[in-house]
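Some notes on the structure that comes next.
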Amino acid sequence: MDLETVRTFVAAADAGQFQGAAAELSLTQQAVSKRIAALERDLGVRLFTRTPRGAGLTIDGQAFLPHARELLRIAERAVTSVRTGRRPLRVDVIASRSAPSGLMRDFHRAHPGTELDVVWLFDIEAAVTALRNGEIDASFRAVAAPGRPLPGDIESVRVLDEPLQLLTGPAHALAGARSVPLERLAGHRIWMPGVVPGTEWAAYYDDLVAEFGLTIEATGPNFGSDALLDTVADTPALATFMGAHTRLVWPAGHGLRRIPVTDPTPVYPHSLLWHRDNPHPALDTLRAHLAARAAGHDAAGTWTPAWVLPR
Numbered sequence: 001m002d003l004e005t006v007r008t009f010v011a012a013a014d015a016g017q018f019q020g021a022a023a024e025l026s027l028t029q030q031a032v033s034k035r036i037a038a039l040e041r042d043l044g045v046r047l048f049t050r051t052p053r054g055a056g057l058t059i060d061g062q063a064f065l066p067h068a069r070e071l072l073r074i075a076e077r078a079v080t081s082v083r084t085g086r087r088p089l090r091v092d093v094i095a096s097r098s099a100p101s102g103l104m105r106d107f108h109r110a111h112p113g114t115e116l117d118v119v120w121l122f123d124i125e126a127a128v129t130a131l132r133n134g135e136i137d138a139s140f141r142a143v144a145a146p147g148r149p150l151p152g153d154i155e156s157v158r159v160l161d162e163p164l165q166l167l168t169g170p171a172h173a174l175a176g177a178r179s180v181p182l183e184r185l186a187g188h189r190i191w192m193p194g195v196v197p198g199t200e201w202a203a204y205y206d207d208l209v210a211e212f213g214l215t216i217e218a219t220g221p222n223f224g225s226d227a228l229l230d231t232v233a234d235t236p237a238l239a240t241f242m243g244a245h246t247r248l249v250w251p252a253g254h255g256l257r258r259i260p261v262t263d264p265t266p267v268y269p270h271s272l273l274w275h276r277d278n279p280h281p282a283l284d285t286l287r288a289h290l291a292a293r294a295a296g297h298d299a300a301g302t303w304t305p306a307w308v309l310p311r
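Position 21, counted from 1, in the sequence shown is what full-length UniProt numbering calls 21; the numbers after and before it change by one each time, with no gaps.
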């Protein structure tokens, strides 16, 4: 169905006459009549009847009008979606309480005129596919997990090394520590039900376990951060890892402790990914913003897996 004939039909319906539609669309009245006739042939129905005052909608015309308006709205949204200067910058931050979410909130405060769409994609394969399909403009990930190098058309830059902290309840054996050496965590139960095999964060914690002899349990369903905090607060034998930039709120009665981990401090490496041919003008602005605020990577006294890209 030709959208210009649909647009002409809507204009004629709104004007109540072909002459008014012709003036609005900068067409001749004859051209409007021809477009309406073509649309009626395509649909196999009459859309207008001639009246002394102009043109009135038939019953079929009245039924078609709301759908015609929706067709034009869909077409406009489709065009807007690929006009990068007009559509929002679409960024995957994995989770709403994560460090990347905080980075994007900071970007929004610094650049309030840049429209944003923030999305949450679970794994890196879905994120890379969305980048290559143009469904998103950027994604925050830890790259690249063993055996899964990034495709050649996906660029990345490391933007944040986030220190891990130990989160315990008030009765945990380490609850009173001001900091804890990483090797001292061997033998303690660290519960992380959100660690899903096959994800980049699972690869990160697998290496952490292998190198330092830790015990990380991912058993049980993942009911989200609130349920995790409730359990850790009530279970002296359990602790969990939490990123230093992860924003969480818990009831005062929980008495939870965030304890820095040292010697070395495990840091989770966040990188920004994008497609090398993405033309969105705000993507350069985002990269410059993150680069201006990025601290050094692989600092002395920190640990990351060997597969993490250094740049």
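Positions of the beta carbon are idealized from the N, C-alpha and C atoms, including for glycine.
- L167 places its beta carbon 7 Å or farther from that of R247.
- In this chain, the beta strand (DSSP E) harbouring S139 covers A138 to R141.
- Taking all protein chains in view, the Cβ of R90 is crowded by 16 or more other Cβ atoms within 10 Å, so the residue is classified as buried.
- Within the DSSP bridge table, the entry for D117 names R90 as partners.
- Partner residues in the beta bridge of G54, as assigned by DSSP, are T51.
- A Cβ-Cβ separation of about 7 Å places P193 in contact with L228 under the 8 Å criterion.
- The alpha helix (DSSP H) runs of length 4 or more contained entirely in the region 183 to 265 are, from start to end of the chain, 200 to 212 and 225 to 234.
- Ranked by Cα distance from Q17, the options G44, V32 and T235 are led by V32.
- For R158, no alpha helix (DSSP H) run applies; the uninterrupted beta strand (DSSP E) run containing it begins and ends at I154 to T168, by DSSP.
- The Cβ neighbour count for H67, taken over all protein chains shown within 10 Å, is under 16; the residue is labelled exposed.
- Ranking P170, G255, R148 and L103 by CA distance to the CA of A138 puts L103 first.
- Counting the other Cβ atoms within 10 Å of the Cβ of F223 gives fewer than 16, which makes it exposed.
- Within the model, the alpha-carbon separation for Q29 versus T49 is close to 16 Å.
- For V267, the secondary structure class from DSSP, reduced to helix, strand or coil, is strand.
- Taking the CA atoms as reference points, G296 sits about 18 Å from L286.
- Contact between the region 172 to 179 and the region 202 to 214 is not established, with fewer than three Cβ pairs separated by less than 8 Å.
- Setting aside the 5 residues that flank it on each side, S101 is surrounded in the same chain by V93, each with a C-beta closer than 6 Å to its C-beta; the list follows chain order.
- Sorting R141, G134 and G152 by C-alpha distance to the C-alpha of A78 places G134 at the top.
- For E24, the enclosing alpha helix (DSSP H) stretches over residues F18 to L25.
- If you look at E135, you'll find it isn't in any alpha helix (DSSP H); DSSP assigns it neither H nor E.
- Of the candidates T231, F212 and E211, the residue whose Cα lies closest to the Cα of G220 is T231.
- The continuous alpha helix (DSSP H) containing R7 extends over residues L3 to A15.
- By the CB criterion at 7 Å, A75 and L3 fall inside the cutoff.
- Apart from sequence neighbours up to five positions away, the residues of its chain that approach E162 with a beta-carbon distance below 7 Å are A99, G243, A244, H245, V267, Y268 and H270, ordered along the chain.
- By DSSP's assignment, W307 forms no beta bridge with any residue.
- The closest CA to that of A300, considering only I59, D153 and T265, is found on T265.
- DSSP, read as helix, strand or coil, puts H289 in helix.
- For a cut-off of 8 Å, the C-beta gap from R41 to E155 is around 51 Å, too long to register as a contact.
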